[in-house]
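Here the structure is laid out as structure tokens; the discussion comes afterwards.
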Amino acid sequence: MVTNHFWPENFRITDLAVGLQERGHEVSVLTGVPDYPEGRFYEGYGVFKRRFEVFQGVRIARFPLIPRGKGRAWELVLNYLSSAFFGCLLAPFYCRGKYDVIFVFDTSPVTIGLPAIVLKKLKSIPLVFWVLDLWPESLSATGAIRSPKTLQMVRRLVRYIHAQCDRILVSSRGFFQSIKKTGGYDREIIYFPNWVEPEYLTDEVRYAEGLPALPTGFRVMFAGNIGAAQDFETILTAAEKLISYSEIHWVILGDGRMAEWVKGQVLQRNLGEQFHLLGRYPAELMPQFFAQADAMLMTLRREPIFALTAPGKLQSYMACGKPIIAGLDGEGAKLVLEAGAGLACPAESPEALADRVLELYRMTPAERRKIGEQGKWYVREHFDRDKLFSQLEEMMVELIDSDTV
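Heads up: the sequence shown runs through residues 1253 to 1657, numbered per the working numbering.
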């Protein structure tokens, strides 16, 4: 597995690696030094620290990189270039073993595909590429790159990477057309969504001692990255509109490049009594937090790329059995409504978002519980971990046996 992120960073690729290892496969991971989302190396890690380790049987090799810092454009460019350079340089030395297949977890940056291509050419084995973030669309959507010439260069790079792939998987059906438009890949594109982790499907979850006290009242909970894409301007404005409803509280779990800005806005808008920034917690504690929520919140900016995206946390939200408020367009909102798992409104619409929160607030607990249970049923039917892992396993075995490389 070749990935930008792995344990202790909170990404599903860790669960996939461990799950395949538990099924009897030997899994090795090539990844960078962990720095997401804070933009600095995790404690105990560094360029020359913990380059090799084992996590639940999975062997990990880490290449050095320049941390993301505060996520400014020049910092991200250095982060992307350094990870691609050191990944390509060290892959032949770090991955000396005999492998059957290369699996790429393609979150930003797409340059993680380059070390995988180096290994593919050295090992003459198939390359499977799981797309979770579209480039160059996400670069322009977040404002990281605005130059049309630069974006075109990135598109050519993506076309080259896709051309080297033996299979491309996508986490959202909305990605199909974009990948076809980019070109370079003329084989089957396979829909492989995010799955729900088993710990989120537990019916009885206790709130452990030592976790922060949560406000009393109606809790609207957001969990995840606090970045430009998550559109906290809309969340904050919706909270302002509901400030007279003292029982409605906004509980935010996570960290990211916009966290300091959000803290400043909470003070500036006098939202301190109702807007609670709790910081980042390990993924394994999320079910305990979610169990205390009355509604789960998911927002994205109004950009074409985000309308194609089904956020990875959607499955976890559904599984916890709480109604979802989806302030976003396209695929994510469609899934919430299709499942009957909550309410949706257009992206960047604070008035509509406030209305949806009020709508849920005014429902009876039994009505909210029914909506939550519908989401839980849907996620069991469509995003079952074992079923999806088996599908991936079968596809990779078939690819290995076909000798297509």
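For glycine and all other residues, C-beta sits at the position ideal for the given N, C-alpha and C.
Quantities reported herein were computed from a predicted structural model and do not represent experimental measurements.
Exercise for review: Would you mind working out which of R1303, A1606, A1578, M1570 sits nearest A1559, comparing C-alpha positions?
Suggested key: If you number the sequence shown from 1, residue 1559 lands on position 307. Among R1303, A1606, A1578, M1570, the Cα nearest to that of A1559 belongs to A1578.
**Asked** To the nearest angstrom, how far is it from the Cα of G1435 to the Cα of D1653?
**Response** On the sequence shown, position 183 is the one that residue 1435 refers to. On the sequence shown, position 401 is the one that residue 1653 refers to. Each residue's Cα considered, the two are about 26 angstroms apart.
So, do the region 1504 to 1519 and the region 1591 to 1604 have three or more beta carbon pairs nearer to each other than 8 angstroms? Contact between the region 1504 to 1519 and the region 1591 to 1604 is not established, with fewer than three Cβ pairs separated by less than 8 angstroms.
Practice item. Since I believe V1503 is in contact with V1457 (beta carbons under 8 angstroms), could you give me their beta-carbon distance rounded to a whole number of angstroms? Key: As a working note, residue 1457 is residue 205 in the sequence shown. As a working note, residue 1503 is residue 251 in the sequence shown. Not confirmed; about 16 angstroms, so no contact.
(Q) In this structure, how does DSSP classify K1209 when only helix, strand and coil are distinguished? (A) Nothing can be reported for residue 1209: it is not among the residues displayed for the chain, which extend from 1253 to 1657.
* Asked: With 16 other CB atoms within 10 Å as the buried threshold, where does V1310 fall?
  -> What you label residue 1310 is simply residue 58 of the sequence shown in a count that begins at 1. Per the 10 Å Cβ criterion, buried.
Checklist entry - In whole angstroms, what separates the C-alpha of Q1212 from that of G1584? => result Residue numbering for the chain in the displayed model covers 1253 to 1657; residue 1212 lies beyond these limits and cannot be assessed.
If contact is defined by three or more beta carbon pairs under 8 angstroms, each pair taking one atom from either stretch, is the region 1267 to 1274 in contact with the region 1637 to 1648? yes
Just to confirm before moving on: does the CB-CB distance between V1380 and I1413 stay below 9 angstroms? Numbered from 1 along the sequence shown, position 128 holds the residue referred to as residue 1380. Numbered from 1 along the sequence shown, position 161 holds the residue referred to as residue 1413. Against a cut-off of 9 angstroms, the Cβ pair of I1413 and V1380 comes out as no contact.
Query raised in the report: CB G1339 to CB C1417, shorter than 9 angstroms?
Result: Your numbering for residue 1339 matches position 87 in the sequence shown. Your numbering for residue 1417 matches position 165 in the sequence shown. Cβ atoms of G1339 and C1417: not closer than 9 angstroms.
Three-state secondary structure (DSSP) at L1612?
As a first step, residue 1612 is located in the sequence shown; it is residue number 360 there, counting from the start. Helix.
Out of E1327, Y1459, R1264, which one is the CA nearest neighbour of P1445?
Locating residue 1445 in the sequence shown gives position 193, counting from the first residue. The shortest Cα separation from P1445 among E1327, Y1459, R1264 belongs to R1264.
**Prompt:** What's the C-alpha gap between E1611 and A1547?
**Reply:** Within the sequence shown, residue 1611 is the residue found at index 359, counting from 1. Within the sequence shown, residue 1547 is the residue found at index 295, counting from 1. Rounded to the nearest whole angstrom, the C-alpha separation of E1611 and A1547 is 11 angstroms.
- [ ] Could you pull the start and end residues of the alpha helix (DSSP H) that M1253 belongs to?
- [x] The sequence position of residue 1253 within the sequence shown is 1, counting from 1. Note, M1253: premise wrong, no alpha helix (DSSP H); not H, not E.
4-residue-minimum alpha helix (DSSP H) runs that sit fully inside the region 1484 to 1537, ordered along the chain: 1484 to 1493, 1511 to 1520
Margin query: Just to confirm my understanding: we take A1490, look at its own chain, exclude 5 residues before and 5 after, and list those with CB closer than 6 angstroms. What are they?
Written below: To locate residue 1490, count along the sequence shown from 1; it is residue 238. For A1490, where only same-chain residues beyond five positions count, the Cβ hits under 6 angstroms are P1602, L1605, A1606.
Run through the DSSP bridge pairs and tell me what V1285 is partnered with. As a working mapping, residue 1285 is identified with position 33 in the sequence shown. Under DSSP, V1285 forms no beta bridge with any residue.
Once DSSP output is grouped into helix, strand and coil, what is the label at Y1630? Your numbering for residue 1630 matches position 378 in the sequence shown. The answer is helix: DSSP assigns Y1630 an H, G or I state.
task = Note down the Cα distance separating P1450 from Y1443, rounded to an integer number of angstroms.
result = As a first step, residue 1450 must be located in the sequence shown, where it is residue number 198. As a first step, residue 1443 must be located in the sequence shown, where it is residue number 191. Rounded to whole angstroms, P1450 to Y1443 spans 21 angstroms at the Cα level.
Quick one: residues in its chain with C-beta nearer than 7 angstroms to the C-beta of G1323, no 5 flanking neighbours on either side, listed in chain order? Numbered from its first residue, the sequence shown carries residue 1323 at position 71. Within its own chain, the residues whose Cβ lies closer than 7 angstroms to the Cβ of G1323, once the five positions on either side in sequence are excluded, are G1291, R1509, listed in chain order.
ask   = Opposite C1597 in the DSSP bridges: which residues?
value = Taking the sequence shown and counting its residues from 1, one reaches residue 1597 at position 345. Looking at the DSSP output, C1597 shares a beta bridge with G1579.
| message | Residues in the same chain with beta-carbon distance under 7 angstroms from V1353, minus the five sequence neighbours each way, listed in chain order, please. | response | Position 101 of the sequence shown, counted from the first residue, corresponds to residue 1353. When the five nearest sequence neighbours on each side are left out, the beta carbons in the same chain lying within less than 7 angstroms of the beta carbon of V1353 are those of I1377, P1378, V1380, M1648, L1651, I1652, in order along the chain.
9 angstroms Cβ cutoff met for A1475 and R1553: Position 223 of the sequence shown, counting from 1, holds the residue named residue 1475. Position 301 of the sequence shown, counting from 1, holds the residue named residue 1553. Result no, Cβ atoms of A1475 and R1553 do not sit closer than 9 angstroms.
* Mapping DSSP to helix, strand and coil, what is I1442? -> Start at 1 with the first residue of the sequence shown, and residue 1442 comes out as number 190. In this structure, I1442 counts as strand in the three-state DSSP scheme.
Check: So which of M1550, S1392, I1369, M1405 has the shortest CA-CA distance to A1599?
Finding: As a working note, residue 1599 is residue 347 in the sequence shown. Nearest of M1550, S1392, I1369, M1405 to A1599, Cα basis: M1550.
Between A1460 and Q1540, what straight-line distance do the alpha-carbon atoms span, to the nearest angstrom? In the sequence shown, the residue the question calls residue 1460 occupies position 208. In the sequence shown, the residue the question calls residue 1540 occupies position 288. If I take the Cα positions, the gap works out to 7 angstroms.
Start-to-end residues for the alpha helix (DSSP H) that takes in D1358: Stepping through the sequence shown from its first residue, residue 1358 is reached at position 106. Bounds of any alpha helix (DSSP H) do not take in D1358; it lies within the beta strand (DSSP E) bounded by 1354 to 1358.
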